[in-house]
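Participant:
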Amino acid sequence: MNRNIYNKDVAELYVQSFGKQSTLAGEAVLRVIQSMGLEDALVVDLGCGPGTIARQISDAGHRVIGCDISPHMIALANEHAPEADLKCTSYMEFSIPPCDIVIAIGEVFSFDSGNEDHFQLLEYTFQRIYKALKPGGVLIFDVSTIDSMPEDPIEFYIEDHEDWCGTIQADFDFENKRTHRTITTFRKVNGGYRKSSEEHHMVIYEAWQINQALQNAGFMVTTSRSIDQYQLVNGYTSFWAKKKSEYE
Ligand SMILES: C[S@@+](CC[C@H](N)C(=O)[O-])C[C@H]1O[C@@H](n2cnc3c(N)ncnc32)[C@H](O)[C@@H]1O
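See below:
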């Protein structure tokens with residue numbers, strides 16, 4: 032399990048680069064909570080990142096429990112969402128309490144755990160989530176999928192900001208269904224630029240494979256390219272996995 036992802040600079044700069052997307056996803060989750068008629072929901076946020084979504088949910092009067100594998104992300108999340116109960120651990124080891132909704136937004140399940148039996152561990156996670164969810168509860172997440180990849184996926188991004196810049200290089204290995212990403216940042220500090228670099232090893236799934244694993248766990252599954260009205264970028268599929276209510 033690689034616990035060295037989202038170092039201090041990458042974690043802090045993630046908020047600037049992707050904070051808007053997290054906020055849109057958080058708004059979508061709030062609409063889902065509302066549509067379920069929940070006034071005091073318990074939401075489990077797996078891979079909570081800097082706590083943007085956790086903050087939105089707790090500000091709306093709901094409870095959030097969650098985890099993230101990166102200590103720097105958890106430090107930010109504890110600052111941004113002090114009401115939430117967030118732990119620094121992998122979702123694979125996190126004990127999931129009885130809850131209304133589980134979210135893992137922002138390709139959390141796509142990070143390769145490095146275990147040979149990664150997919151079986153993910154299947155086991157789906158089973159644990161199913162057990163923890165109350166009847167009618169939902170699991171919402173997005174992952175990178177072969178089916179949603181454009182023919183020519185973008186391999187190189189540049190981020191250019193006033194006090195930092197960075198590059199993201201993605202190497203796609205479609206044969207082995209993996210993406211290797213290198214993130215390099217240069218941040219203005221004390222009149223110079225601090226360089227930091229890290230690698231992300233990602234799994235590219237087949238949507239049917241995830242679908243099957245969710246159904247095997249007992250869920251009713253819907254897939255989409257968006258989460259409610261929040262449109263995902265190319266290459267990602269969202270999964271809405273529902274545990275039947277007593278009336279279904
Ligand atoms: C792209 S960020 C998304 C953060 C947040 N959910 C959001 O939407 O703003 C992905 C997050 O997943 C976390 N992550 C990756 N593998 C994880 C694991 N095995 N357990 C818990 N968190 C993990 C990363 O540390 C990172 O914070």
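Numbering (our numbering), first residue to last: 32 to 279.
C-beta: ideal position from N, C-alpha, C; glycine also.
Pull up the DSSP beta-bridge partners for Ala135, would you.
Facilitator: Beta-bridge pairing links Ala135 to Phe172.
Participant: Excluding the 5 residues preceding and the 5 following Glu230 in the sequence, name in chain order all residues of the same chain whose CB lies nearer than 6 Å to its CB.
Facilitator: Here the set comprises Thr213.
Participant: Report yes if the C-beta of Thr83 is less than 7 Å from at least one heavy atom of ligand 1; otherwise report no.
Facilitator: It does: the Cβ of Thr83 is within 7 Å (strictly closer) of some heavy atom of ligand 1.
Participant: Inspect the CB distances between the stretch 95–103 and the stretch 36–44 and report whether three or more fall short of 8 Å.
Facilitator: Enough Cβ pairs lie closer than 8 Å, so yes.
Participant: Does the beta-carbon of Lys162 have 16 or more other beta-carbons within 10 angstroms, so that it is buried, or is it exposed?
Facilitator: The residue in question, Lys162, is exposed, as its Cβ has fewer than 16 Cβ neighbours within 10 Å.
Participant: Only counting the same chain, and skipping five residues up and downstream in sequence, which positions put a Cβ closer than 8 Å to that of Gln87?
Facilitator: Counting only Cβ-Cβ distances below 8 Å, and skipping sequence neighbours, we find Thr54, Gly57, Glu58, Val60, Leu61.
Participant: For Gln262, which of helix, strand or coil comes out of DSSP?
Facilitator: In this structure, Gln262 counts as strand in the three-state DSSP scheme.
Participant: Beta-carbon separation of Ile64 and His111 under 8 Å?
Facilitator: Not closer than 8 Å, so no.
Participant: Using three-state DSSP, classify Ser89 as helix, strand or coil.
Facilitator: Ser89: helix per DSSP, three-state reduction.
Participant: Helix, strand or coil for Thr54? Go by DSSP, reduced to three states.
Facilitator: Three-state DSSP puts Thr54 in a helix.
Participant: Along the chain, where does the alpha helix (DSSP H) containing Glu110 start, and where does it finish?
Facilitator: Run containing Glu110: 102–111, per the alpha helix (DSSP H) assignment.
Participant: Please name the residue in Glu124, Ser126, Trp239 whose C-alpha comes closest to that of Val252.
Facilitator: It is Trp239.
Participant: Does the Cβ of Lys275 have 16 or more other Cβ atoms within 10 Å, making it buried, or fewer, making it exposed?
Facilitator: Its Cβ having fewer than 16 others within 10 Å, Lys275 is exposed.
Participant: Which runs of the alpha helix (DSSP H), 4 residues or longer, sit entirely within the stretch 138–225?
Facilitator: Counting whole runs of 4 or more residues, the stretch 138–225 contains the alpha helix (DSSP H) stretches 149–163.
Participant: Any Cβ of chain C within less than 8 Å of the Cβ of Glu124?
Facilitator: Absent from the structure is chain C; it holds one protein chain and no more.
Participant: Specify the secondary structure class of Ile283 as computed by DSSP and reduced to three states.
Facilitator: Outside the shown range of the chain (32 to 279) lies residue 283, about which nothing can therefore be said.
Participant: Asn242 and Ser179 - do their beta-carbons sit closer together than 8 Å?
Facilitator: No; because the gap between Cβ atoms is not below 8 Å, this pair is not in contact.
Participant: In chain order, what residues of the same chain lie with their CB nearer than 7 Å to the CB of Ala298, ignoring the 5 residues before and after it?
Facilitator: This structure cannot settle anything about residue 298, because the visible part of the chain is limited to 32 through 279.
Participant: How about Val169 and Ile136: are their beta carbons less than 8 Å apart?
Facilitator: Going by C-beta atoms, Val169 is not nearer than 8 Å to Ile136.
Participant: Please name the residue in Asp183, Leu77, Leu164 whose C-alpha comes closest to that of Pro129.
Facilitator: Looking at the Cα atoms, Leu164 is the closest of the given residues.
Participant: At a cut-off of 7 Å, is Ile241 close to ligand 1 when judged by its beta-carbon and the heavy atoms of the ligand?
Facilitator: Result no, Cβ not under 7 Å from ligand 1.
Participant: Which of helix, strand or coil does DSSP assign to Lys39?
Facilitator: Looking at Lys39 - three-state DSSP - the assignment turns out to be helix.
Participant: Rank Tyr278, Phe157, Glu193 by C-alpha distance to the C-alpha of Gly249 and give the top, closest one.
Facilitator: Nearest C-alpha to Gly249: Phe157.
Participant: Restricting to Cα atoms, I'd like to know which of Val95, Glu114, Cys119 is closest to Ala23.
Facilitator: Here the chain comprises residues numbered 32 to 279, so residue 23 is not present and cannot be evaluated.
Participant: By the 10 Å Cβ neighbour count, where 16 or more other Cβ atoms means buried, how is Arg218 classified, buried or exposed?
Facilitator: Buried, because 16 or more other Cβ atoms sit within 10 Å of the Cβ of Arg218.
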